[in-house]
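What the sequence shown shows, in full-length UniProt numbering, is residues 1 to 478, in sequence order. Note that beta-carbon positions come from the ideal geometry of N, C-alpha and C, so glycine has one too. The structure displayed is predicted, hence computed values, not measured ones.
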Amino acid sequence: MMYSRLKLARSLLTDDGVMIVAIDDHEHANLRSLLDMVFGADNFLADVVWQGSGKNDARFTSGGLDYMLIYARSKKTLIGLDVRFKGPKRGYDDVMEAGRRAWEESGHDAGRATALYRDWWKTKPDVEAGLKAYRDIDELGQIFTRDNLASPNPRENLQYEVLHPVTRQPVPMHEYGWRLSRGAMEERIAQDRILFGADHTTTPRFKRLLGDMDRQAIRPVIQQERAPASDALTKLLDGKMFDYPKDVGVLGTWIDAVTSSDKDAIILDFFAGSGSTGHAVMNLNAGDQGNRRFILVQLDETLDPGSVGRKRGYVTLADVARERLRRAGAQVKQEAGLLVPDLDIGFRSLRVDGSNKADVLRTADDTDQLGLDDLAPSIKPDRFAEDLLFQVLLDWGLELSLPIAREYWDGLEVLSVDADALIACFAESVTPEVVRVIASRGPLRAVFRDDAFKSDAARINAEQVFREVSPATEVRTI
């Protein structure tokens, strides 16, 4: 099962796509070998360790480790695009808020704001180490640190004079020259991002703003207890249905890292379970106004008869996932409020099935003259208009997430997809009036049942109407 799904997943990825597979330590080595085979060892990106809840009664170590193996469709493409996996700095928002408060309380005085801000730091010994260097506030209320401008290696183009803005004398140059090229240095000086001393005897420093450093290289070790994820899902679903659900926060961290440069990305989860990935995507979109979309694939696995979910009325795991997504979407929408008024929390639930076409294959011995009428219908009798529509969308290569509007003309149901990109009428009998109304809308595509036209003449008349009224419309029958 894993090999075939991984092969399919690789074929679905774009060249800049990324595959993340979670596994425990029992199958970690086997999965790594399988992924090397499918994606190629050269496309390996990371082996992330997730330290969750351990067991004190374990014989050797407390355990509790899971892994996330990360592979690229094409690592070379990611490097060429300068893709970097970065995540938010822990504690960044708290530090920025402390600086903002200090700036306001100081009456916009840089010296006093810095003093107030440093007083706040004395009460926060456990803040992320990378943030502790940012201890000053400038005349614009920006938090900054003084960084080194020295080049790590000797390069001739980085060795040039920099004049002090007041004395107009050269300042001391570092042994290997400057970190910035001459053009970049002049640009930073113009932006007031180079900090000079009182005169030319001191070496200038780079003014690095905390506001530019809200993200950092993501770490390959996650320390996150699993209990909070279980508790949150229990609260959302009004009861505990799963012992170890996927952690929405951890999923969100990695989805954010690999999609930060493409907030319109599509995230596919081949083992959707209770829908945690969809929940994480909605959370992310609410946080950064992204437009990521998700596809969740789950076998229609039946819940155990004695399980909490079954007692609550859910029959399959997919039933639970659908309800979880409805509730999670409503929760995310409420929490986002007016900050993200257009947040999309909708989803469509589709089931893989056989063709809508009737099975009309018969041998000569199985067919008699009186039974020929039984072969006439081209559509299976248990299929609805939506079943036919989604087959048409797939046949035409259109997205299954496009908006669909339902209308009724002359008593017949008509479906309009994406503002008349496609109009479908799957009535068993279509009147000339409805054909003309559809043509008058000028859709890009139109589709009818093959047996909706009772004669060849009726079909020819319909084609003629489109040639006269909307010649650009592509017309098909199924």
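When burial is assigned at 16 or more other CB atoms within 10 Å of the CB, is residue i buried or exposed?
i	result
residue 372	Because the pLDDT of residue 372 is 48, which lies under 50, any placement of that residue in the model is unreliable, and the number read from its coordinates should be weighed accordingly. Per the 10 Å Cβ criterion, exposed.
residue 1	exposed
residue 553	No statement about residue 553 is possible, as the shown extent of the chain runs from 1 to 478 and does not include it.
residue 352	exposed
residue 247	buried
residue 185	buried
residue 491	A question about residue 491 goes unanswered here, because the residues of the chain that appear run from 1 up to 478.
residue 370	With a pLDDT of 45 at residue 370, under the threshold of 50, the predicted position of this residue should be treated as unreliable, though the coordinate-derived value follows. Answer is exposed; the Cβ neighbour count stays below 16.
residue 180	buried
residue 211	exposed
residue 3	exposed
residue 168	exposed
residue 131	buried
residue 455	exposed
residue 330	exposed
residue 559	It is not possible to answer for residue 559, since the shown part of the chain is limited to 1 through 478.
residue 73	buried
residue 202	exposed
residue 356	buried
residue 116	buried
Given a cut-off of 8 angstroms on the beta-carbon distance, is the pair residue i and residue j in contact?
i	j	result
residue 286	residue 343	yes
residue 415	residue 404	yes
residue 528	residue 448	The chain is shown from 1 up to 478; residue 528 falls before or after that span and cannot be answered.
residue 423	residue 406	no
residue 417	residue 439	no
residue 149	residue 208	no
residue 245	residue 276	yes
residue 236	residue 328	yes
residue 19	residue 9	yes
residue 296	residue 321	yes
residue 85	residue 258	yes
residue 478	residue 394	no
residue 263	residue 292	yes
residue 161	residue 170	yes
residue 92	residue 231	no
residue 445	residue 409	no
residue 269	residue 294	yes
residue 144	residue 165	no
residue 87	residue 256	yes
residue 77	residue 36	no
residue 452	residue 428	yes
residue 128	residue 90	yes
residue 6	residue 34	yes
residue 314	residue 303	yes
residue 239	residue 312	yes
residue 64	residue 52	yes
residue 140	residue 151	no
residue 317	residue 273	yes
residue 38	residue 31	no
residue 42	residue 75	yes
In the DSSP assignment, what residue or residues form a beta bridge with residue i?
i	result
residue 316	302
residue 178	150
residue 21	69
residue 50	66 and 222
residue 344	According to DSSP, residue 344 bridges with nothing at all.
residue 170	163
residue 137	143
residue 216	87
residue 195	205
residue 100	Residue 100 pairs with nothing; no bridge assigned.
residue 296	269
residue 379	357
residue 448	425 and 477
residue 44	71
Quick one: does residue i have its CB under 8 angstroms from some CB of chain D?
i	result
residue 10	No chain D is part of this structure, which consists of one protein chain only.
Is the segment 173-187 close to the segment 106-115, with three or more CB pairs under 8 angstroms?
Contact fails: fewer than three Cβ-Cβ distances are below 8 angstroms.
* Taking one C-beta from the segment 217-227 and one from the segment 177-193 each time, how about it: are there three or more such pairs within less than 8 angstroms? -> Output reads no: the segment 177-193 does not touch the segment 217-227.
- Task: At 4 residues or longer, and completely inside the segment 384-445: list those alpha helix (DSSP H) runs for me, N to C.
- Result: Fully enclosed alpha helix (DSSP H) runs of 4 or longer: 385-396 and 432-440.
Between the segment 62-72 and the segment 89-99, do three or more beta carbon pairs fall short of 8 angstroms?
By the Cβ criterion, the segment 62-72 is not in contact with the segment 89-99, since fewer than three pairs of Cβ atoms, one from each stretch, lie closer than 8 angstroms.
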